[in-house]
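Inspection log for the structure reproduced underneath, given as structure tokens.
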């Protein structure tokens, strides 16, 4: 499977909130570079991260544009995050159901049809301003 196909399936599963399908698209040793954060390694760490995110946020991605390199092993996506802040996330402003619309992007490495690395990026200061900190 080429990068573009894997990335499309990844975001389709995310938008359906089908975490089983979403996690199945990850390599067992996936590298996850968190926006303005650390690096996590492994599918289990990614699953824990997603449990936390889905507990604090409800998000749907729109305007997704996917690009890939010539051999289909790397890709990038640009999209808009349409979200609701459900539960206060540690170190961030208090949640009370605020909504936000946030441009974002991600870079991928694909191996054997699975996401081997993903690096997410968005403007945290823009998000904080939108949720009213």
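In full-length UniProt numbering, the protein residues as written are 1 to 133. Glycine residues also receive a C-beta, built at the ideal position from the N, C-alpha and C atoms.
Item: Hey, would you say residue 19 sits closer than 9 Å to residue 9, going by beta carbons?; Value: no
Item: Pair every Cβ in the stretch 22-42 with every Cβ in the stretch 54-68, then say whether three or more of these pairs are closer than 8 Å.; Value: no
Item: Please list, in chain order, all residues of the same chain as residue 35 whose beta carbon is under 6 Å from its beta carbon, the five residues on each side excluded.; Value: 120, 121 and 122
Item: To the nearest angstrom, report how far apart residue 83 and residue 131 are at their CA atoms.; Value: 10 Å
Item: Name the one or two DSSP bridge partners that residue 115 has.; Value: 26 and 110
Item: When we look at the beta-carbon of residue 48 and count the other beta-carbons within 10 Å, is it buried (16 or more) or exposed?; Value: exposed
Item: Label residue 129 either buried or exposed according to how many other C-beta atoms from any shown protein chain fall within 10 Å of its C-beta, with 16 as the threshold for buried.; Value: exposed
Item: Taking residue 125 as part of the beta strand (DSSP E), name the residues at either end of that continuous run.; Value: Here residue 125 belongs to no beta strand (DSSP E); instead the alpha helix (DSSP H) covers 124-130.
Item: With 16 as the cutoff for other CB atoms within 10 Å, does residue 26 come out buried or exposed?; Value: buried
Item: Touching or not, the stretch 70-77 and the stretch 90-97, by the rule of three or more beta carbon pairs under 8 Å?; Value: no
Item: Please report the straight-line C-alpha distance between residue 114 and residue 104, rounded to a whole angstrom.; Value: 21 Å
Item: What first and last residue would you give for the beta strand (DSSP E) that runs through residue 64?; Value: 57-68
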